[in-house]
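**Student:** Supplied in C-alpha cells, the structure appears directly below.
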Amino acid sequence: MSISMYESTVPFLLRFLRNLDSWLDKAQAHADARKFDSGVLVRARLAPDMLELARQVQIASDNAKGCVARLTGNEAPKYEDNEATLAELKERIAKTIAYVSSFKPEQFEGSETRDIVLKFPSVTFEFNGKDYVLKFVIPNVLFHVTTAYGILRHNGVAIGKADFLAP
Numbered sequence: 002m003s004i005s006m007y008e009s010t011v012p013f014l015l016r017f018l019r020n021l022d023s024w025l026d027k028a029q030a031h032a033d034a035r036k037f038d039s040g041v042l043v044r045a046r047l048a049p050d051m052l053e054l055a056r057q058v059q060i061a062s063d064n065a066k067g068c069v070a071r072l073t074g075n076e077a078p079k080y081e082d083n084e085a086t087l088a089e090l091k092e093r094i095a096k097t098i099a100y101v102s103s104f105k106p107e108q109f110e111g112s113e114t115r116d117i118v119l120k121f122p123s124v125t126f127e128f129n130g131k132d133y134v135l136k137f138v139i140p141n142v143l144f145h146v147t148t149a150y151g152i153l154r155h156n157g158v159a160i161g162k163a164d165f166l167a168p
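Right, here's the structure in full:
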C-alpha cells in the first residue's frame with residue numbers, strides 16, 4: 002500500500018496547525034485568568050538563543066504553505082511576519098489553514114519527483130518532492146510546533162500530550 006503526497010502532507014499540516022491554534026486559545030485563557038498581558042507569551046522563548054513564540058508560529062505557517070505550494074507548482078502567499086498578539090497569530094494560522102485546505106489531491110500527482118530548491122543566505126537545499134516532505138517539511142513543522150508547545154507549557158499554559166496529538 003502506498004500513501005499519496007497529498008495524504009502525507011495536507012492532513013498532517015492541518016492537524017498540527019489546528020492543534021497550535023487551539024493551544025493559543027488556551028494561552029489566552031491562561032493569561033486572562035491570571036490577569037497578565039498575553040503579549041508576554043507571544044514574546045516568550047525557551048532559551049535566550051531561541052526564537053520567540055511568534056516566530057515559531059510564523060515559521061510553522063511558512064513551512065505549511067510553502068510545502069503545498071512547492072509540491073503543486075504554485076506560489077505561496079507572503080505574510081508580513083508582524084504578528085504581535087495571540088489573536089494575530091491565530092489569524093495567521095487561520096489564513097494558512099484556508100490556503101492548505103484549498104488544495105486537492107490531484108494537484109499533488111507526480112510531486113514526489115518534482116525538483117524542490119530552497120535558497121537561504123548561507124545554504125541551498127535541493128530535494129525531490131518526497132525527500133523535501135520527509136527530510137525537511139515534516140521535521141521543520143514538528144520542530145517549530147513542538148517548540149511553540151514547549152514555550153506555552155513552560156509558561157504555565159495547561160496543555161499536555163493529548164493536546165499535542167489531538168486529531
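Per our numbering, numbering through the sequence shown is continuous, rising by one, with the last residue being 168. The beta carbon of each residue, even a glycine, is placed where N, CA and C say it ideally should be.
Label ILE94 either buried or exposed according to how many other C-beta atoms from any shown protein chain fall within 10 Å of its C-beta, with 16 as the threshold for buried.
**Tutor:** Buried, since its Cβ has 16 or more Cβ neighbours within 10 Å.
**Student:** Check whether the stretch 104-123 touches the stretch 73-83, counting contact only when three or more Cβ pairs, one atom from each stretch, lie closer than 8 Å.
**Tutor:** Yes, since at least three Cβ pairs between the stretch 104-123 and the stretch 73-83 fall closer than 8 Å, the two stretches touch.
**Student:** Contact defined as beta carbons within less than 8 Å: I believe ALA32 pairs with LEU42. What is the distance between those atoms, to the nearest angstrom?
**Tutor:** So it is a contact: roughly 6 Å between Cβ atoms.
**Student:** Do three or more CB pairs link the stretch 15-29 to the stretch 81-92 at distances below 8 Å?
**Tutor:** Short answer: they touch.
**Student:** For LYS136 and VAL124, I'd like the C-alpha separation in whole angstroms.
**Tutor:** Looking at the two C-alpha atoms, the distance is approximately 16 Å.
**Student:** Which value, in whole angstroms, describes the spacing of the CA atoms of SER103 and LYS79?
**Tutor:** Rounded to the nearest angstrom, the two C-alpha atoms are 16 Å apart.
**Student:** Suppose you measure from the CA of ILE139 to the CA of ALA34; what does that come to, to the nearest Å?
**Tutor:** C-alpha separation (whole angstroms): 34 Å.
**Student:** Cα-Cα, which of GLY151, GLU110, GLN108 is closest to LEU47?
**Tutor:** Nearest option by C-alpha distance: GLY151.
**Student:** Can you give the Cα-Cα distance for THR86 and MET2, rounded to whole angstroms?
**Tutor:** Cα to Cα, the separation comes out at about 44 Å.
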